[in-house]
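**Q** Quick one: this structure, given as structure tokens, is what I'll be asking you about.
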Amino acid sequence: MTSLMTELIYLTGILGTLCLAIGRGERPRRWALGLGLLTAVAAAIASACSSGSVTELFGGTYRVDPLSQGYKAVIASALAVCLWLTERGPSESRRVEVYLFYLCSALGLTLMTGSTGFVSLYVAMELSSYSLYLLAASREDRRATEGALRYLLTGAIASGVFLWGVSILCGLTGGATFAALTQAAPALTSDPLFIGALALTSFAFLFKLSAFPVHFWAPDAYQSAPLAATTLIATASKAGAVAVISRFLIASGVPVAFAGWTGLLAFVSMTLGNTAALHQADVKRLLAYSSIAQAGYILTGLLAGTADGYSSAFFYATVYALMNCGAFLVVSAVAADAKNDNPTVRHFDGLADRQPFLALVLLLSLLSLAGIPPLAGFTGKWVLFSAAMDQGHWFLVLWGVLNSVVSLFYYLTLVKHSYLEKAPAGSQPLRLTPVTRLLALAIFAGLVFLGVYPTPLIEYARSAVSAIAG
Amino acid sequence: MSATLQPYLLISTLLLCLGLYGVLTRRNLIAVLISLELILNSASLNFVAFGRFHMADPSAGQVFAIFIIALAAAEVCVALSLILLLFRQRRSVDPASMDQLKG
Amino acid sequence: MSVPPIEFPILSTILLCPVIALLAVLLTPGRYTTAIKLVSLVASAATLVLSIWLCLAFNAKDPSFQYIERLDWVRSYGIQYANAVDGLNVAMILLTAIVIFCGILVSWGVTYRTKDFFANMLFLVAGVFGVFMTTNLFFFFLFYEVAVIPMYLLIVIWGSTNKQYAAMKLTLYLLLGSALMFAGFLYIYSLPDARTFDLLAIKQQVTFSPMVQNILYISLFVGFGVLAACFPFHVWSPDGHVAAPTAASMLHAGVLMKLGAFGILRIGVYLFPDGARFWAPTIAVLALCNIVYGAMVATQQRDLKYIIGYSSVSHMGIVLLGIATMTVSGFNGALFQMFSHGIMTALFFACVGFIYDGCHTRMLDELGGLSKTAPRISAFFIIAGLCGLGLPGMGSFVAELLVTVAAIGTYPVIGITSLLALLVTAYYVLSAVQKVFYGPENHHHKDFKDINGFQFIPRAVLVGCLIFFGVFPQIFLDWVNASTRALLGA
Amino acid sequence: MNLADSVFIGLAVVTVLGALGAVAFRALFYNALSLVLCLFGVAGLFIYLHAEFLAVMEVIIYIGAISVAIIFAIMLSRPMDKSDEPRSPSASLRGAVCAALVFAGLWRLLSGARWAQGSGQLPDMRDIGKALLTTDVLPFEAVSLVLLVAIIGALVLSSPRERS
Amino acid sequence: MDLTLLWTIQLAPLAVFALIFILPKNARGIAPLLGLTGSAAAAVSALCFLLAHAGKAGQPALHYSVDWLTIDLPAAWPLGKAVSGTLKAGFLLDPLNLLMITLVTVISFFVQLFSFYYMREDESRPRYFAYLSFFSFAMTGLVLASNLLQTFMFWELVGLASYLLIGFWYTKPSAAQAARKAFVLNRLGDLGFYLGIVILFVGLGTLDFTGLGKDAVLSALGPTLAMAAGLLVLTGVMGKSAQFPLHIWLPDAMEGPTPVSALIHSATMVAAGVFLLVRAYGVFSASEVTLEVILLLGCVTGLIGALLATRQRDIKKILAYSTVSQLGLMAAGVGAHAPQAAMFHLTTHAFFKSCLFLTSGAFIHRFHSNDIWTIARGGGRKDLVPMLTLTVGLLSLCGLPPLSGFFSKDLILEAAKHHGLAAFAACVAVSVLTAYYSFRLLFIVLFARPTAGHGHGHHAHGHDAGGHHEDLLGGLSRALPLLLLAALSIYAGFLGSPMTHSPILVWLGGHEAHFDPAMAVKTLVIIAVGCAIAFALHRDPDASEKKLESSKGPWAMLVDRRFFIDDAFVWVTKQVGLRIASFFDLMDRWLVNGVLVNGTSYRIADLGRLAVRLQSGSLQGYLACGLAVLAVTLLWLTGGSSR
């Protein structure tokens, strides 16, 4: 049971929140928040502490191993940040039930990272997805409903296609577990149906990762969801997706044709996300497009299909969560100050004067997203692209780097607003609560540390991947 | 005839494509949802068929189908409440009426 | 001069000086501006002293790398923190130290967001030092970009004249160039023989096929060439120089542009000598474009900084031409030009910045007779101008001589055509001098105050360097000669 | 052609026709009814596949719960007899082309497939029960959470808004 | 000891230059004194050296050099052989530059002395003396240089000094303009010089004057390249020594203070070109064509200069064109295989021309005008000392025996005659014209009647009344250099005269001149003709002034427009050079920056707009897109299977 500690902690948290949901008003909400934070932190610690062992459970449909534990820790940490962000979000999205969705979603993602059978994978994915759909809708205005519906319907189609793919895989391999897939895959690498099945299956993953061609929901959902939920979608959900893809690809291998297909999608994702982001004024929407582009980068690393690729994907997912947390932390502070859950770039005017530290964190997060050294995002991109280059995907790598240059344009635009433009007349200094300050400091330190000395995390990722892939 | 896979696959493929067609063309979100159900059904038909003919564990396909049915219920539940919410907000369930978010 | 070898890791110490100062500055509350300035100054002075020491202590006769420092960083990716220097690096480190020392002094008058300014400067300098001493491609790239990004902030916050456009253009352009480097480095690593980013190890272990050499060399050349303002990738540079604040322009034109040329030599030519030979004629043509075209365009400018910006384009062309000759003298000349142009252009910007601060304009037509109002700053500008037009006794003359001789010897037509720039340069430099400093006094600038004794120091230091190395060029050449020889395998 | 086959063909036709009706009718209520028809067909096919339990589930859950919920939703959202807006020709074409292409591609792939060797055993309901409580206990538990989330979500969404 | 003297000569002025700038503001008053001390030290050292080594022909007195720069080239153009040479820096002292250095330092001293008077009222005096010292430094460096590159370096530095001093009164736009013009035109010449040096270096591997003998050059480069090298180096000479068509900067250079004109733009710097012709005679004489070109250029320059001098009313312009013309003569002397004669003429010319310039300075300072009629009417002739030195100088310029100009010019005429009729005719014509404009100047100053309006114009300025109230120091520093230079103008000729067995020529390695009475007679005739014409035209200065003003003929226009040479340069610069530049500028803005750089970013932005348009807000559109990708994927895969 100790190996399922993380999941059990979530479960406990969910039950607790369920009880609290009976109550109404501010006090139970605070309790729920506290309980949620406690759960998240405990889950993070639990997964970090049990990251040494490898256990197979439930007849090989679920694994607890260093890689999944790593992803779980990332998801839990991101969850903690998101929960904290709800504190300053719009009031209608701060009902007690909402915390239940957060925890369920995180639990779903956690289960995703460990699933090695298609049934558990499917259920875990849907658990996280439905919670996220509901979170996206929790602002309860027209736009939120619209965004959530688009999110949901795209997700439903993606699951449908995924199910089809899985069914074909079952037919081809004779089993519904990754183990069966691994066993049968070598004989199937040149079978077009197998490739097709992989492609169909990956639709759900691409949807989670918000990669082309099922990325369309992302800008709308990011924009319309409450900030904290957006953050969860942008961080934990991505990490879960990367975990699942890694596992799936480790099991199936990456046939050349499939790598080519994924490369094409990565190519389009990057280009589309980055260029579209150039025209955004709403910061959340901008970050959504940025995440589409980032999905392209991550795919580039993953399609290498090597241990390097998977470990660098883990590293990048961690870093990605970190830097997006940083960015959204600042965005939420600005949003709370502006009493507008959808801040535009204009709201960032004069941030450096109003709150220099926050501006610095924003700067570092954005530069890290753009892959500028000596920040974590740079190292992440380096290892990611290095893995892709090893497999000869030089064009994709080159394209990816060129794309990050383009991305720098819109990141810098935001930086420019915070550093160069004058704050509107009469604006006050932006106050930070100690916890927020601490969080920001931690993110700051993490970005710099992982940029300058990424060794421990990279080595961890490598050993974790080699523990699975052998 | 019923003892081979091919007819089932043909039926499920047809269901899938009809469902896709419906999803893409209907101007009513509930109709879209109905089409989605077709897709899910085609998938579960697939699973059961593969489970019957080609899988090592004969129950695996059915188990999968059970989960699909259960999750379809959840999906419909969430989707319908969202659609009704949209209807309350906008007096319309036409997907084209969702036009607030773009660009 | 026999100075004993240095026992402690001097390179890391040089690198750490600005880093520690950066931390100190970040931790100092912003209102203690003097403390911040002093910390920066002390750090830059320390690097200057250490660099001079390094120059004296390192063994110029030995063409191999010296003062090697190695520390495993990410072992599984072949990433090491590795520093080492040969003649090329030493010269550039000295240049950087001189320019930053003067740059800090020149920026003493910065009042707007002083802390941020000096933090950015120190960060930038740390990056530059890093590039000039590392031998690991990962760290090379890391430092390279570290040197680029603070520039954006420096321009956008403290700059002038269309600064947003210029800053964005500069940053994107330079990073675009580095994208090619990035891909190139990763490709090298991905070769089965390599599996390391260590420059020395790559050189030893890997034999590149001619095709690969050609492709990699040109992609690295374009990547670095952007920073070196190689035609037709030069347009960021005048705009950037114009928009940047004084000290940033000094560093940028003085040091950052040299990063590009240095990279071409250190990595491009070092790893891919055959590729370099293959592309040399093409590069020579581009360099000629730089030289003549840059000078010609400079004659058409009305803004003093634009003139200097285009003159930098022209002068960097000489560096590129020297590299394109693939001869010892050409390389020596290129390095010498990097050094002397770095100092000269720093001096230029130190003067123009001061004039702009005082007169609030840099337009030739709005200035005039400044020699009367401000004789000292005028003198410094004129000295820089004279160096720019290649007056003997100044560093640039020697550099141009070496490059020209090599170029005429290698590509007669290009070499001879490039001489045209000497004439054009004289024309535009003297025209600018005539318009700005000569002629009747302009009443708008009556209150313009000349530099005081303190502000005299940095500019005097720069002039001193220019003349010292112009008169005793062999000192510099002795530093680099063995290394360039080794680079060419001669 | 024996009786089993005839019934099978009948079921297949019912299923496909039901699906067609679920998509093609412009009146939403007919769609729902067609869906029910289709689902009956699928349930019948399940029986042919020796998945009797699943057929029952299909009827109970799908027809008994899901379809009914949809019909309720239809009734809540609009007058029963009102037809759907006509689809735009371009959208129809787009959908038809997409669906046709998917069909063509998928069918060609599927018809050339080399499937895994099955065990040939007929599934037993006990196996299903065992699986649900052993190998698939985790998703089984998770599904309960999904349903919980869905129900609470539906409640939250449909409950009148709190103004705080 | 010798070396110490040389270092003194070389560095004393530099030290003064540096010192003046380091001096605190309130101590700058001693700048003139410092300048004087520096130049005196240099002059004394030079004289000491001269005394120690004079007369020892043949061997260089001293050859000192250190390595300066190493150059390595594999297989270099144009000879295709590897070059590995060390450029040196050092002193090479032989009779030629011993003579030159003495000349330079002595005249420099006189000019500094005169400046003491001339610049007394100028508040930028310290700067002036600093520049002057800098010039001395550069000029001595040029003269003492042991190799061609070093010469070139100092050659540029004297150019800088000239630039600074021409633009000394930089608030005057014309001065600033003239300074730039001088520098740029010199640069134009120097390009060729530079290239010539490179070719010589690549060919010979050394640039040392000792290794630049005719045979060495010929054997290393072959005839064609030797000619090319000679012609290229010649372009440098054309710039510096104001040879046609690059002579146009010299008249404009008169914008500088007059003592500067005396020192730099007549006596020393502009003569450096001729000095180089003699110094690197081996390079030029390696090809007969080069020498012919030099002769041709010299003659043309001489004629043009003399012709232009005939219609000037600015005393300094007259002298400037006269300088151009005399430099032409010197060049012609070299071209006619008589380098020693040219050098001798250079020496005498230095004395009398600097004397003349200082004299004009004395006039200008007193009468506040450059116009000869104004000076004349102001009572120039009453100013005895300048009047005397003017007369001596002009007569020497005409070559009246036994003044110094006679001997030196005679030698050149003789060489020209020896060489060919055309050259001789040109030189005679120059001489006639010289005599004409000299006497023109003299007559106008002598014969003009002082008028009330002009006569006491200078009194209006309230200072310096007719020279009678000058203090002793001022008077002395005014008169002493004039008189001493006049004396030198008279007697210097005997250094090369047949009567004294032409010590200077012999010392320089030439033949002893022999007295040719026919030549002397010819000279006298020439002077007489010139004098007669001048008398005929200018015995009434008022009338001649009117005539000058009213003459509108084509010839007058041609001369007044300076033979359109300036216009040609302006046209080329503006219509060709700047046109190309503005085309490049346009290209940079429009093509490189506009299309390439901004264009790329706009295209990327357009792509982004396309991507945004894809995000149309239509859910079914999104899904259709996803499914279309799916369909295409599947079809692609079936295609793969059918293959």
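Respectively, the protein sequence lines represent chains Z, H, G, F and W.
Note that this note's numbering has the first sequence beginning at 1, numbered continuously upward.
Note that this note's numbering has the second sequence beginning at 471, numbered continuously upward.
Note that this note's numbering has the third sequence beginning at 574, numbered continuously upward.
Note that this note's numbering has the fourth sequence beginning at 1064, numbered continuously upward.
Note that this note's numbering has the fifth sequence beginning at 1228, numbered continuously upward.
Note that CB positions come from ideal geometry on N, CA and C, so glycine has one too.
Report the three-state DSSP secondary structure of N735(G) (helix, strand or coil).
**A** If DSSP states are grouped into helix, strand and coil, N735(G) belongs with coil.
**Q** Can you list, in chain order, the residues of its chain whose CB lies under 6 Å from that of L962(G), leaving out five sequence neighbours each side?
**A** Contacts found: T998, A999, V1002.
**Q** Hey, out of V330(Z), S291(Z), L408(Z), whose CA is closest to I233(Z)'s CA?
**A** With distances taken between Cα atoms, I233(Z) lies closest to S291(Z).
**Q** Spell out whether any CB of chain G is found under 8 Å from the CB atom of I372(Z).
**A** Yes, I372(Z) lies at the interface with chain G (some Cβ there is under 8 Å from its Cβ).
**Q** Could you tell me the alpha carbon to alpha carbon distance between A148(Z) and A211(Z), rounded to whole angstroms?
**A** Computed Cα separation, rounded: 18 Å.
**Q** Compare the Cα-Cα distances from A1832(W) to each of E97(Z), L272(Z), L127(Z) and report the closest residue.
**A** Among E97(Z), L272(Z), L127(Z), the Cα nearest to that of A1832(W) belongs to L272(Z).
**Q** Could you give the C-beta distance for L447(Z) and G371(Z), rounded to a whole number, given that I count them as a contact under 8 Å?
**A** 12 Å between Cβ atoms; not a contact.
**Q** At 8 Å on the CB atoms, spell out the chain F contacts of L1864(W), in chain order.
**A** The contacting residues are G1168, L1172.
**Q** Work out the CA separation of I1426(W) and H1576(W) for me, nearest whole Å.
**A** Roughly 33 Å between the two C-alpha positions.
**Q** Using a C-beta to C-beta distance shorter than 9 Å, which residues of chain W count as neighbours of L480(H)?
**A** Ordered by position in chain W, no residue passes the 9 Å Cβ test against L480(H), which lies about 16 Å from the chain.
**Q** Closer than 8 Å, CB to CB, is M1120(F) near chain H or not?
**A** So, interface residue.
**Q** When the Cα of P1259(W) is compared with those of D1815(W), T1231(W), L1274(W), D1349(W), which residue comes out closest?
**A** The residue with the shortest Cα to Cα distance from P1259(W) is D1349(W).
**Q** Can you check whether the CB of T1616(W) is closer than 8 Å to the CB of L1524(W)?
**A** No.
**Q** So, does the segment 1242 to 1255 of chain W touch the segment 1365 to 1372 of chain W, judging by three or more C-beta pairs under 8 Å?
**A** Output reads no: the segment 1365 to 1372 of chain W does not touch the segment 1242 to 1255 of chain W.
**Q** Label F797(G) either buried or exposed according to how many other C-beta atoms from any shown protein chain fall within 10 Å of its C-beta, with 16 as the threshold for buried.
**A** With 16 or more other Cβ atoms within 10 Å, it is buried.
**Q** Can a CB atom of chain Z be found closer than 8 Å to the CB of D527(H)?
**A** D527(H) counts as touching chain Z.
**Q** Nearest by alpha-carbon distance to S585(G): which of N656(G), A756(G), V870(G) is it?
**A** Among N656(G), A756(G), V870(G), the Cα nearest to that of S585(G) is on N656(G).
**Q** Does the Cβ of A1082(F) have 16 or more other Cβ atoms within 10 Å, making it buried, or fewer, making it exposed?
**A** Burial call: buried.
**Q** For G573(H), return the contacting residues in chain W, with the cut-off set at a CB-CB distance below 7 Å.
**A** Those are V1839, Q1842, listed as they occur along chain W.
**Q** Answer with yes or no whether the minimum CB distance from L1808(W) to chain F is below 8 Å.
**A** The sequence as given places Ala at residue 1808(W); Leu does not occur at that position. Not one chain F Cβ lies under 8 Å of A1808(W).
**Q** The beta strand (DSSP E) spanning A1309(W) covers which residue range?
**A** Unbroken beta strand (DSSP E) run through A1309(W): 1308 to 1320.
**Q** Taking just the CA atoms, how far does V1009(G) sit from F1021(G)?
**A** Each residue's Cα considered, the two are about 13 Å apart.
**Q** Taking only three categories from DSSP, how would you classify N511(H)?
**A** If DSSP states are grouped into helix, strand and coil, N511(H) belongs with the helices.
**Q** Within 8 Å of any Cβ in chain W, is that where the Cβ of P424(Z) sits?
**A** Not an interface residue.
**Q** What first and last residue would you give for the alpha helix (DSSP H) that runs through D1793(W)?
**A** Unbroken alpha helix (DSSP H) run through D1793(W): 1792 to 1798.
**Q** Given a cut-off of 8 Å, decide if F1651(W) and H1765(W) are closer than it, judged by their beta-carbon atoms.
**A** The answer is no: Cβ separation not under 8 Å.
**Q** Can you give me the Cβ contacts of L992(G) inside the same chain, cut-off strictly under 8 Å, excluding the 5 residues immediately before and after it?
**A** Answer for L992(G): T977, listed in chain order.
**Q** Who are the neighbours of L1164(F) on chain W, taking C-beta pairs under 8 Å?
**A** Per Cβ cutoff of 8 Å: A1855, A1858, V1859, L1861, L1862.
**Q** Indicate whether the contact test is met: 3 or more Cβ pairs, each with one atom in the segment 353 to 368 of chain Z and one in the segment 399 to 414 of chain Z, closer than 8 Å.
**A** A contact exists between the segment 353 to 368 of chain Z and the segment 399 to 414 of chain Z.
**Q** Just checking: is the beta-carbon of V548(H) within a distance shorter than 8 Å of some beta-carbon in chain W?
**A** By this cut-off, V548(H) is not an interface position.
**Q** Comparing the C-beta of R143(Z) with each C-beta of chain H, is any distance below 8 Å?
**A** At least one chain H Cβ lies under 8 Å of R143(Z).
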